[in-house]
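Residue numbers (this note's numbering), protein chains in the order written: chain A, 1 to 168; chain B, 1001 to 1158.
From the three backbone atoms N, C-alpha and C, an ideal C-beta is built for every residue, glycine too.
Since we're looking at a predicted model, the values are computed, not measured.
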Amino acid sequence: MTDIGHFKPKTVYVTYIAATPEAVFEALTVPAFTRQYFGGFAIDVAPRSGGAFRMLAPDGAVHIEGTVVDWSPPRRFVCTWKVVGMAETRALPECLVAYDIAPAGGCVRLTMTESHQWDVPDAILSGGRAGWPAILSSLKTVLETGKALSVKMEPPTEMLAALAALTR
Amino acid sequence: MTTKPTFVYVTYIAATPERVWEALTKPDLSAQYWFGYRVQADGKAGERMTAVNPAGRLAHDDPILESDPPRRLVYGWKPLYKDLPDERASRVTFVLEPFKGQTRLTVTHDDFDDGSKMFALISKGWPAVLSSLKSYLETGKGLEPTWDDEQRKRAGQA
């Protein structure tokens, strides 16, 4: 199993969803769901710790790739994560994305934690900090109404500028 | 470098800013998603924001600092429960931005002193309230309370 002790949490997003833990786990790990709320991207994951994880762009290109660190349905799904679909991010150390699903009252608390293994500047984190609320808001809407939000993301200009400065 | 604690939460809601504004400021609507709390915040700057808990007790009586419907609402924050940390008032800012008939709602809760104990409580509370607000506006039904034992006790204080 991948050692993840050196990853430090940098971005956390919590949302409560009127659904079962099983339904939330499915929405996170089944391509027919992720396509609806994750900018059209399809997850492709080998359902076991150590398995391969990828997010595929609508044209089939690999956008994100990594390795499953924890596959524990319906409570926890963790994978390493490298955005390979953008030249600017390919050289960065991979990060870690953890989804924790817990019953809370009559609904479910979903906690997304993005962790990093280097002293990543806030400007680079800004990309994820803008993206996660949109993605996870839409996931909640898909599960509760069957219909996604039409969230169009603006390019992460602050992150791209910081990445350009990093490689200069 | 010291950075004062600041809580920021963004959520996208399939409802117009006008509807989100109404839900944030009218007690009959807040009662349906804010776990029974009746929050009145439809006054002008200088008037009061009040919240009454499900047992009928006044839980907030704070100043409205800015009100620009349906775009921006700012109020003070000092809950009137005696078991909570005795800290000076902090500040809550709601910014509502329209997007294709939807709203991007950004809630910023700041103006805490370093080491604030209240900060940990509000960081836990807002995601639950704002998730329930989103559910209420999109499905007509708020979430069931996600309270812990202390929140449950406060909500029941008459």
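- Pro21 (chain A) and Thr1108 (chain B) have their C-alpha atoms roughly 29 Å apart.
- Contact check for Glu1138 (chain B) against Thr145 (chain A) passes: the beta carbons are separated by less than 8 Å.
- Non-local C-beta neighbours of Leu1130 (chain B) in its own chain, meaning closer than 8 Å and more than five positions away in sequence, comprise Tyr1009, Thr1011, Leu1105, Val1107, ordered along the chain.
- Neighbours of Thr145 (chain A) in chain B, taken as residues whose beta carbon is under 7 Å from its own, are Glu1138, Thr1139 in chain order.
- With contacts defined as CB atoms closer than 8 Å, Tyr1081 (chain B) and Gln1157 (chain B) qualify as a contacting pair.
- When Cβ pairs closer than 8 Å are counted between the two stretches, the stretch 3 to 14 of chain A is seen not to touch the stretch 26 to 40 of chain A, the count staying below three.
- Residue state for Glu144 (chain A) is assigned as helix, using DSSP reduced to three classes.
- In this chain, Gly1125 (chain B) is not harboured by any beta strand (DSSP E); it is covered by the alpha helix (DSSP H) spanning 1118 to 1139.
- Annotation: Cβ neighbours of Thr1011 (chain B) in chain A (cutoff 7 Å, chain order): Pro133, Ser137.
- The residues Val68, Trp71, in chain order, have a CB closer than 8 Å to that of Arg48 (chain A) in the same chain once the five nearest residues on each side in sequence are set aside.
- Counting along the chain, no alpha helix (DSSP H) covers Asp1042 (chain B), and no H or E run does either.
- For Gln1157 (chain B), there is no enclosing beta strand (DSSP E), as DSSP marks it with neither H nor E.
- Beyond the five residues adjoining it in sequence on each side, Val78 (chain A) comes within less than 6 Å, by CB distance, of Val69, Asp70, Ala98 in the same chain, given in chain order.
- Below 8 Å, enough C-beta pairs join the stretch 1066 to 1073 of chain B and the stretch 1010 to 1025 of chain B to call them touching: three or more.
- Here His6 (chain A) is exposed, its C-beta having fewer than 16 other C-beta atoms within 10 Å.
- Within chain A, not a single residue places a beta-carbon under 7 Å from that of Thr1108 (chain B); the smallest gap is close to 13 Å.
- Three or more pairs of CB atoms, one per stretch, sit closer than 8 Å, so the stretch 1087 to 1103 of chain B contacts the stretch 1113 to 1121 of chain B.
- The DSSP-derived three-state label of Ser49 (chain A) is coil.
- Per DSSP, reduced to three states, the secondary structure at Ile43 (chain A) is strand.
- Our two residues, Gly131 (chain A) and Leu1058 (chain B), have alpha carbons roughly 38 Å apart in a direct line.
- When DSSP states are grouped into helix, strand and coil, Gly1076 (chain B) belongs to the strand group.
- Around the CB of Glu1018 (chain B), fewer than 16 other CB atoms lie within 10 Å, so the residue is classed as exposed.
- In this structure, Asn1053 (chain B) sits near Arg1154 (chain B), with a CB-CB distance shorter than 8 Å.
- Pro1127 (chain B) counts as buried, since at least 16 other C-beta atoms from the protein chains shown sit within 10 angstroms of its C-beta.
- Not a single C-beta of chain B is nearer than 8 Å to the C-beta of Thr11 (chain A).
- Interface annotation for the stretch 68 to 83 of chain A against chain B: empty, criterion Cβ-Cβ distance under 7 Å.
- For Pro1063 (chain B), the CB contacts under 6 Å within the same chain, skipping 5 residues up- and downstream, are Gly1076 in chain order.
- Around Ala104 (chain A), the same chain offers Tyr16 as residues with beta carbons nearer than 8 Å, after the five sequence neighbours per side are excluded.
- A direct Cα-to-Cα measurement between Arg75 (chain A) and Gly1043 (chain B) gives close to 44 Å.
- Pro1098 (chain B) is bridged by DSSP to B:Thr1103.
- One alpha carbon belongs to Met159 (chain A), the other to Ala123 (chain A), and they sit about 5 Å apart.
- In chain order, Leu149, Ser150, Val151 make up the part of chain A whose C-beta sits under 8 Å from the C-beta of Gln1102 (chain B).
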